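Residue 5 is where the sequence shown starts when you use the working numbering, and the numbers rise one by one after that.
Worksheet: one structure, shown below.
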Amino acid sequence: MEQGASVWVVLVVALVAANLPYLSSRILLVGPRRDPKAAGWRLLELFLLALATLAVGFGLEARLGQRAPQGWEFYAAALALFVTLGFPGFVWRYLRRSRSKVREFDDEEAA
5 MEQGASVWVV
15 LVVALVAANL
25 PYLSSRILLV
35 GPRRDPKAAG
45 WRLLELFLLA
55 LATLAVGFGL
65 EARLGQRAPQ
75 GWEFYAAALA
85 LFVTLGFPGF
95 VWRYLRRSRS
105 KVREFDDEEA
115 A
């Protein structure tokens, strides 16, 4: 696989993985369904999926050539990017209005 394609693969994997904890109500994505799932479970899933994404990136990097050593700055930036990529899922889970609240708001404006 070419280097440019590897970068896009890691970015797509990170985008999907960062949003999965917010889209699933199952514990660790395969366990029993919990409604509502506790925030601690979502944070644990986010952390584990970030580690999995790093593993994919390191694997592709090793396949392309020699892996470069990384300092703490790399991991801090990777975590910040991963959390930022998860923002759409967070908005969908916690900040969107339900249809009943939207209808109530529209009815109040019409009166």
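Glycine included, C-beta positions come from ideal geometry on N, C-alpha and C.
Nothing here was measured: the structure is a model prediction, and the numbers come from that model.
7 Å CB neighbourhood of residue i in its chain, flanking five on each side removed
i, result
"Leu32", "Glu49"
"Ser29", "Arg37, Arg38, Asp39 and Lys41"
"Trp96", "Tyr26"
Residue i and residue j closer than 7 Å at C-beta
i, j, result
"Tyr26", "Phe86", "no"
"Ala80", "Leu53", "no"
Three-state class that DSSP yields for residue i in the structure shown
i, result
"Arg37", "strand"
"Arg101", "coil"
"Glu49", "helix"
Close-in-space but distant-in-sequence residues of the same chain around residue i (CB under 6 Å, 5 per side omitted)
i, result
"Arg100", "none"
Bridge partner(s) assigned by DSSP for residue i
i, result
"Arg30", "Arg37"
Give a yes or no on contact between the region 32-43 and the region 55-63, applying the rule of three or more CB pairs nearer than 8 Å.
The region 32-43 vs the region 55-63: no contact.
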